[in-house]
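Undergrad: Sharing a structure here in structure tokens format.
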Amino acid sequence: MNEEIEFILDSAKEAMNNAIEHLIKELRTIRAGKATPAMLANVMVDYYGSLTPLGQIANVTTPDPRTIAVQPWEKNMLQPIEKAIMVANLGFNPMNNGDIIMINVPPLTEERRIGLAKQAKAEAEHAKVGIRNARKDANNDIKKTDVSDDLKKVSEDDVQKLTDTFVKKIEETLAVKEVEIMKV
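Take a look at the structure:
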């Protein structure tokens, strides 16, 4: 196969892999039945005047499936962390005992589970759009190459097979997350 075509296919595959990785990262932040440190991954804390991710100024752990513990490396950061968790609007009520911030994760209602499943589907759809864009870019690049029409057709078929494979991965990833969300 032509080097230029191989480069185009590799680039498309890399872009599609990036879409899958982004989806997995986003799905980790969607709450399921049990507490995980990833639930606080998007919390930004005012750390001496600059917004800093919570994981960079505190240790976030889950001592049990219904509790998240946040232990700041500096005690004077307890109030700013508590405020940041409240501002993040995650539906959590942090409790400060002077050393550690404890967050009790309440069980999800059926309505909330359905809403989270819809959010997961929306993230999966964004990933599919990313994959389709990578396919479109690859096909456009293939059309611009100076190779035979037969090789262009074969290459476009390869791009479609790649697209189908990655869309299937998205569906499988979404199905696993939906089961996790809906599990009581």
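Residue 1 is where the sequence shown starts when you use full-length UniProt numbering, and the numbers rise one by one after that.
Here a beta-carbon is modelled for each residue, glycine too, at the ideal position from N, C-alpha and C.
Because the structure is a prediction, the values reported are computed rather than measured.
Could you tell me which of 15, 3, 2 and 52 sits nearest to residue 133, measuring between CA atoms?
TA: If we check each option's Cα against that of residue 133, 15 comes out closest.
Undergrad: Flag this pair as yes or no: are the beta carbons of residue 36 and residue 45 separated by less than 7 Å?
TA: No, the pair does not count as a contact, with Cβ atoms beyond the cut-off.
Undergrad: Measuring alpha carbon to alpha carbon, tell me which residue in 165, 159 and 77 is nearest residue 6.
TA: Selected option, being the one with the closest Cα: 159.
Undergrad: Would you be able to state if there are at least three C-beta pairs under 8 Å between the segment 134 to 149 and the segment 168 to 180?
TA: With the cut-off at 8 Å, the segment 168 to 180 and the segment 134 to 149 do not touch.
Undergrad: Please state if the CB of residue 19 and the CB of residue 29 are separated by a distance shorter than 7 Å.
TA: Cβ atoms of residue 29 and residue 19: not closer than 7 Å.
Undergrad: Pick from 9, 17 and 114: whose alpha carbon is nearest that of residue 127?
TA: Checking every option, the nearest Cα to that of residue 127 belongs to 17.
Undergrad: By DSSP, does residue 76 sit in helix, in strand, or in coil?
TA: Three-state DSSP puts residue 76 in a helix.
Undergrad: Give, in chain order, every unbroken run of the beta strand (DSSP E) that is at least 3 residues long and sits entirely within the segment 89 to 133.
TA: Counting only runs of 3 or more, we get 94 to 96 and 101 to 104.
Undergrad: Please go through the same chain and pick out, in chain order, the residues whose beta-carbon is closer than 8 Å to the beta-carbon of residue 9, but skip the five residues on each side of it.
TA: 138, 155, 158, 159 and 162, listed in sequence order.
Undergrad: Tell me which residue opens and which closes the beta strand (DSSP E) that residue 146 is part of.
TA: Counting along the chain, residue 146 falls outside any beta strand (DSSP E), and DSSP gives it neither H nor E.
Undergrad: Can you grab the Cα-Cα spacing for the pair residue 62 / residue 165, in whole Å?
TA: Their backbone Cα atoms lie some 35 Å apart in a straight line.
Undergrad: Our contact map puts residue 90 next to residue 181 with C-beta atoms below 8 Å; I'd like the distance itself, whole angstroms only.
TA: About 15 Å; that fails the 8 Å criterion.
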